[in-house]
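See below for the structure under consideration.
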Amino acid sequence: MFAITQNLQAVHAQIVHAAQAAGRDATAVRLLAVSKTFDFHAVLAAIEAGQRAFGENYLQEAVDKIAAVQAALPTLPTSEIEWHFIGPMQSNKTRPIAEHFAWVHTVERSKIAERLSQQRPAELAALNVCIQINISQEASKSGVAPDEALGLAREVQALPNLRLRGLMAIPAPVENDADNEVEQQFARMQQLFSTIQAELGSADFDTLSMGMSNDLALAIRYGANMVRIGSAIFGQRPPFHSQ
Ligand SMILES: *Cc1c(COP(=O)(O)O)cnc(C)c1O
């Protein structure tokens with residue numbers, strides 16, 4: 536598990552480097568360690584190395600892992616580790632998400648947002664929410680269309696047990712990206728984020744969640760302040776689990 540410590544250090548160095556190149560403050564960029572497909576020992580190693588925020592995509596795997604981490608660290612306050620749900624959501628699976636996570640990055644429909652708010656346990660703080668944007672505008676991709684994002688943001692903002700924090704995107708990969716299409720997707724996200732931020736006028740709306748292992752620096756150049764990094768920390772995943 537020594538590799539995880541080293542990998543985390545390397546990712547932090549990449550963040551610092553990318554922020555400097557962009558003229559930004561590296562401490563404003565949060566690192567979310569995406570631990571999907573890796574077992575709780577990998578999470579424990581990352582915690583040992585100082586990491587506190589973790590992203591998960593698969594609900595049952597995540598719920599089991601959260602319990603295993605808590606059992607392994609009985610003296611660590613549960614609020615110390617911050618779990619983020621970053622996978623696709625079905626409306627019949629919202630309850631465990633509302634119960635076990637501090638953040639959800641993949642809200643794309645008001646019906647799902649309403650259920651999350653209803654199902655958020657009263658003893659927990661409001662659930663932090665990012666709206667996922669289909670920035671490549673491909674029909675097959677998850678997320679709300681950019682021109683529908685402000686409307687959904689206002690709906691989420693009105694829900695009592697949710698706290699609207701920002702936007703999230705997964706730019707569609709482009710083979711042989713001669714036209715810098717991926718870069719344009721990040722640039723559109725930065726623009727959309729600042730437009731919605733200005734419209735809402737809410738200090739809570741402070742998070743632009745984008746950037747993965749392969750495009751972290753580019754995302755930071757375009758204003759990402761929460762990067763979601765999996766394989767660069769934990770290693771390669773089996774191919775069928777690549778998303
Ligand atoms: C898997 C995944 C990541 C991490 O991807 P890497 O390429 O391994 O860094 C980030 N965000 C989402 C939504 C993911 O599904």
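Here my numbering is used: the first residue of the sequence shown is 536, the next is one more, and so on.
We treat Cβ as the ideally placed atom computed from N, Cα and C, and that holds for glycine.
Residue i - containing alpha helix (DSSP H), residue span
| i | result |
| --- | --- |
| T730 | 716-735 |
| T540 | 537-556 |
| T629 | 629-635 |
| I582 | 575-583 |
| G622 | That residue, G622, is in no alpha helix (DSSP H); it is neither H nor E in DSSP. |
| R756 | 751-756 |
| S570 | First-last for S570: undefined, no H or E at that position. |
| L611 | Run containing L611: none; DSSP gives neither H nor E here. |
Cut-off 8 Å between Cβ atoms - residues of its own chain near residue i, not counting five sequence neighbours on either side
| i | result |
| --- | --- |
| K628 | L594 |
| A557 | I755, R756 |
| S737 | Q692, L699 |
Neighbourhood of residue i by C-beta distance below 6 Å, restricted to the same chain and skipping five residues each side
| i | result |
| --- | --- |
| Q732 | F740 |
| G590 | L567, V569, H619, I621, R763 |
| R630 | Q654 |
| H635 | V598, I601 |
| V642 | A648, V664, I666 |
Nonlocal neighbours in the same chain, by C-beta distance under 7 Å from residue i, ignoring five residues either side
| i | result |
| --- | --- |
| L697 | A648, L651, S652, A661, L662, V664, V691 |
| D560 | A554 |
| A584 | I539, T540, L543 |
| E718 | L753 |
| F721 | P706, M745, L753, A754, Y757 |
Cβ separation of residue i and residue j, assumed to be a contact under 8 Å, to the nearest whole Å
| i | j | result |
| --- | --- | --- |
| M761 | R565 | 5 Å |
| M745 | A704 | 5 Å |
| L567 | V604 | Between V604 and L567 the Cβ distance is about 16 Å, and since that is not below 8 Å, they are no contact. |
| A680 | Q672 | 7 Å |
| K571 | N592 | 4 Å |
| E617 | A637 | 5 Å |
| A577 | F769 | 5 Å |
| L743 | A767 | So it is not a contact: roughly 19 Å between Cβ atoms. |
| I668 | M624 | With 8 Å as the limit, I668 and M624 do not qualify as a contact, their Cβ atoms being about 15 Å apart. |
Any C-beta of chain B under 8 Å from that of residue i
| i | result |
| --- | --- |
| A660 | No chain B appears in the structure shown, which is made up of a single protein chain. |
Limits of the beta strand (DSSP E) - the one that residue i falls within
| i | result |
| --- | --- |
| F589 | 588-591 |
| R650 | Counting along the chain, R650 falls outside any beta strand (DSSP E), though it belongs to the alpha helix (DSSP H) covering 645-654. |
| V762 | 761-764 |
| V564 | First-last for V564: undefined, no H or E at that position. |
| S744 | 742-744 |
Could you tell me which whole alpha helix (DSSP H) segments of length 4 or greater appear in the stretch 668-711?
With a minimum length of 4 residues, the unbroken runs of alpha helix (DSSP H) contained wholly in the stretch 668-711 fall at 684-692.
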